[in-house]
Amino acid sequence: MSHPIIKDDEVDVVILATQPDLTSFLEEWRPMFSRYHLIIIKDPDMQKDLKIPEGFNHDLYMKSDMDRILGSTSIRFSGYSCRYFGYLVSRKKYIVTVDDDCVPAKDGRGFLFDAVAQHISNLRFPATPFFFNTLYDPYQKGADFVRGYPFSLRNGVKCVLSCGLWLNLADYDAPTQALKPDERNSRYVDAVLTVPLKAMMPLSGINIAFDREVIGPALFPGLRLAGEGKQRWETIEDIWCGMCAKVVCDHLSLGVKSGTPYVWRKETGNAIETLKKEWQGMKLMEEVVPFFQSVKLPETAVVAEDCVLEIATMVKKRLGPVDPLFGQAADAMVEWVRLWKAVASVSPTPGV
Amino acid sequence: MAEATPLLKDELDIVIPTIRNLDFLEMWRPYFQPYHMIIVQDGDPSKVIKVPEGFDYELYNRNDINKILGPKASCISFKDSACRCFGYMVSKKKYIFTIDDDCFVAKDPSGKEINALSQHIKNILSPSSPYFFNTLYDPFREGADYVRGYPFSLREGVPTAVSHGLWLNIPDYDAPTQLVKPLEKNTRYVDAVMTIPKGTLFPMCGMNLTFDRDLIGPAMYFGLMGDGQPIGRYDDMWAGWCVKVICDHLGLGVKTGLPYIWHSKASNPFVNLKKEYKGIFWQEEIIPFFQAATLSKEAITVQQCYIELSKQVKEKLSKLDPYFDKLADAMVTWIEAWDELNPPKKTKLPNGTAK
């Protein structure tokens, strides 16, 4: 069975610039990024001018562009959240995005892993959420479905979200990293697998790729912590939208994969410093999981936008009373769908 | 510093079904010799199976099975490695490791031999995390942990009932796949152990498997296969589906991934096709059956869960083929036999003696 190749001009690489000089970041990624169009978003909170090396086909968006395009909006596109602006203005079917403190990972012989190519491969081949394949992704070379895997499920479903991982500094929360200050992730697990139907997972926005047309509306800056800062430990917006996205994918019979590619995440920040701030995120997660486990979407919701609006209503009703941040998240979700319809150039595509 | 993995040599039995010989044990000697083995001899009981010197074992052939179980022996398959589950029943230990006699010691990418048993023990002694997927896989492994966003209330995990290992070299493919890809070998060493999420079914392979008898033993019935039965090569699959539904219901975990063993022998795909043929069609109905299966609140022991499942099998799958009616009865017989041979115990029972 053939799976159509994803062409270079169908992909945007979205980069959020949280540091003024992107030279070393982009030079490290040049072998992988240079084929693609880049959307670079400058964090509006960053005052200094941005330095971008030559030779990249890119569009740069700064605060003034963002204000002009968005108009008046209640969503604060700043810090990690301004990456989502890139999703709105992209005109491509697929997005790949990597935090700017990550560089390509290397294998044992020093060869660089092409994270972009792996993400694209993950999105190209189907996902298999309805039954677990013990040899992981059956579409990878050298693998297949194992004995006992139902034949009717071997076509799989479209994969719309590819969640990559990190070597060196793993995406731990602050307490975990503070307790194990020297722990670094050195284990390269050579697998990508489909996250099964109904299984929830924490989406780390550090290294992901997705089908913008299908699932873009479900990847939004919704849950914003009061103390949200410039370290990943101080954010939860990706975890929140990731859980929404997974529920939407489960409802629309779309797939989510997790595993390779890996990126190498550099040392930044101080976990113990973060611990000093009030850690709302962890407390909120305790409410979030039982909520998502119970979400049931109506059959009439056949595109991601409709699903997100349904979830927003449920969030407002059931989680709003628990913490005002949830009420704000629900409002942000509604506002995001409005922005998506107004700004993003795609008409709703039913889940394929 | 990492703690040494306990040997569990007085708490774990190794169950091996065989019809040929046990030469493969020589390669495993450094790892298996401390343990007691239960050998289940399938096929012709008059054949003498040579066990290499120096192993502590008990051996059961068909005559022994018939003698011990009487009429209940009907639930134990003949001429199929499914007969291994007799070994689970007679064991007096907490843990079982079962391995096929064409499986050898594998090497990891650095060239080091893999102590499969030790890895299984690590897996089964550490909790599982079925309620939320950890993207860095088993958080209890050295060098890993729960990732950002993983709820703290779920980090204690649940007891692990099953550790499902994998295979390098000859992969466990079904017959049609073997026919299409006769030369494909599994060369990818995936350095991960992970919990299979609650609500997700998987194809459990019995080639390299460890489980906690106390937690899930009665559900490890490998069904009616082989001689006189319309189906083969679905024994471990059947057990795996029952086990997963029951584990999900009782809040127990199932892990898959490491350890790898080296699977040396590719069975004949044409022979396999004949055995699997009906299963390939039937599994299309069986899987939705297990996916939809629910157990009552009152089912709080494995036996109770299993009996409930057997009733549902009879009710819902018999119309697929009368075989399932027989299988449902055999499931009940199995539980009766299990309970007879495993009464609630106060004192430790000695091992059976070698033949």
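Chains as they are written, first to last, in the working numbering: chain A, 231 to 582; chain B, 5 to 359.
Don't be surprised by glycine CBs; every beta carbon is placed ideally from N, CA and C.
Predicted, not measured: the structure shown is a model, and the values here were computed from it.
Cβ contact (3+ pairs, closer than 8 angstroms) linking the segment 385-401 of chain A and the segment 181-201 of chain B: no
Outcome for A:Asp367 when other beta-carbon atoms lying within 10 angstroms are tallied against a minimum of 16: buried
Cβ-heavy atom distance, B:His267 to the ligand MN, below 6 angstroms: Looking for the ligand MN in the displayed structure turns up nothing, as the structure carries no ligands at all.
As assigned by DSSP and simplified to three states, the class of A:Trp509: coil
Within 7 angstroms, strictly: CB atoms of A:Ile269 and A:Ala247: No, Cβ-Cβ distance for A:Ile269 and A:Ala247 is not below 7 angstroms.
One or two residues paired with B:Asp216 in a DSSP bridge: Its beta-bridge partners are B:Tyr99.
Test item: CB-CB of A:Val477 and B:Phe137 under 7 angstroms: no
Rounded straight-line distance, which links the Cα of B:Gly257 to that of A:Ser308: 41 angstroms
A:Asp480, buried or exposed, once every other Cβ within 10 Å from all chains shown has been counted against 16: buried
Under 7 angstroms between C-beta atoms of A:Trp463 and A:Asn398: no
Alpha-carbon to alpha-carbon, B:Ala223 and B:Gly161: 22 angstroms
Where the alpha helix (DSSP H) containing A:Ala247 begins and where it ends: Premise fails: A:Ala247 lies in the beta strand (DSSP E), 241-247, not in any alpha helix (DSSP H).
Partner residues on chain B for A:Cys393, Cβ-Cβ distance less than 8 angstroms: Thr139
Interface flag, B:Arg159 vs chain A, CB-CB below 7 angstroms: no
Bridge-paired residues (DSSP) for B:Thr164: B:Gly257
Same chain only: Cβ atoms within 6 angstroms of A:Thr498, ignoring 5 sequence neighbours per side: Asp331.
Euclidean distance between Cα positions of A:Arg306 and A:Glu565: 11 angstroms
Minimum Cβ-Cβ distance from A:Ser577 to chain B less than 7 angstroms: Low confidence applies to A:Ser577: its pLDDT is 48, below 50, so where it sits in the model is not reliable enough to give any reading.
Through-space distance from B:Asn212 to A:Pro578, alpha-carbon basis: With a pLDDT of 46 at A:Pro578, under the threshold of 50, the predicted position of this residue should be treated as unreliable, and no value is reported.
Residues of its chain near A:Gln407, where Cβ-Cβ distance is below 6 angstroms and the 5 sequence neighbours each way are ignored: Excluding positions up to five away in sequence, the list reads Ala501.
Those runs of the beta strand (DSSP E) which lie wholly inside the segment 217-302 of chain B and span at least 3 residues: 257-267
Cβ-Cβ separation, B:Leu26 to B:Pro56 (assumed contact under 8 angstroms), whole Å: Indeed, because the Cβ distance is near 6 angstroms, the residues count as touching under 8 angstroms.
Members of the segment 146-176 of chain B that neighbour chain A once the beta carbon cut-off is set at 8 angstroms: Within the segment 146-176 of chain B, the qualifying residues are Gly147, Ala148, Asp149, Tyr150, Val151, Arg152, Gly153, Tyr154, Pro155, Phe156, Ser157, Leu158, His168, Leu170, Pro175, Asp176.
Own chain, CB closer than 6 angstroms to B:Lys359, minus 5 neighbours either side, in chain order: Low local confidence applies: a pLDDT of 49 at B:Lys359 is under 50, so the model's placement there is unreliable, with the coordinate-based value given in what follows. Cβ neighbours of B:Lys359 beyond the five flanking positions: Leu63.
Cut-off 6 angstroms between Cβ atoms - residues of its own chain near A:Met262, not counting five sequence neighbours on either side: Beyond the five residues adjoining it in sequence on each side, A:Met262 comes within less than 6 angstroms, by CB distance, of Asp344, Val346 in the same chain, given in chain order.
Closest by C-alpha distance to A:Pro551, when choosing among A:Val387, A:Pro528, A:Phe521: A:Phe521
Partner residues on chain A for B:Ile207, Cβ-Cβ distance less than 7 angstroms: Here residue 207 of chain B turns out to be Pro, not Ile, going by the sequence shown. Neighbours of B:Pro207 on chain A, chain order: Thr364, Val376, Arg377, Gly378, Tyr379.
Integer-rounded CB distance, given that B:Asp84 should sit under 8 angstroms from B:Gly210: Between B:Asp84 and B:Gly210 the Cβ distance is about 11 angstroms, and since that is not below 8 angstroms, they are no contact.
Chain B within 7 angstroms of A:Arg417, Cβ atoms only: yes
Boundaries (first-last residue) of the alpha helix (DSSP H) holding A:Phe556: From DSSP, the alpha helix (DSSP H) with A:Phe556 extends over 554-573.
Any 3 or more C-beta pairs closer than 8 angstroms across the segment 74-88 of chain B and the segment 329-345 of chain B: Judged by Cβ distances under 8 angstroms, the segment 74-88 of chain B makes contact with the segment 329-345 of chain B, as three or more pairs qualify.
B:Tyr239 vs B:Gly227 beta-carbon contact at 7 angstroms: Checking the sequence shown, residue 239 of chain B turns out to be Asp, not Tyr. Their beta carbons are under 7 angstroms apart, which means B:Asp239 touches B:Gly227 by this criterion.
Closest residue to A:Glu517 among A:Leu453, A:Asp420, A:Ala574 (Cα-Cα distance): A:Leu453
Reference B:Glu289; option with closest CA among B:Leu345, B:Leu321, B:Glu280: B:Leu321
Residues near B:Phe406 by beta carbon distance below 8 angstroms, same chain, minus five either side: Past the edges of chain B, shown from 5 to 359, lies residue 406 of chain B, and the structure says nothing about it.
Stretch pair the segment 287-306 of chain B + the segment 36-54 of chain B: three plus CB contacts closer than 8 angstroms: The segment 287-306 of chain B and the segment 36-54 of chain B do not touch, with fewer than 3 CB-CB distances between them shorter than 8 angstroms.
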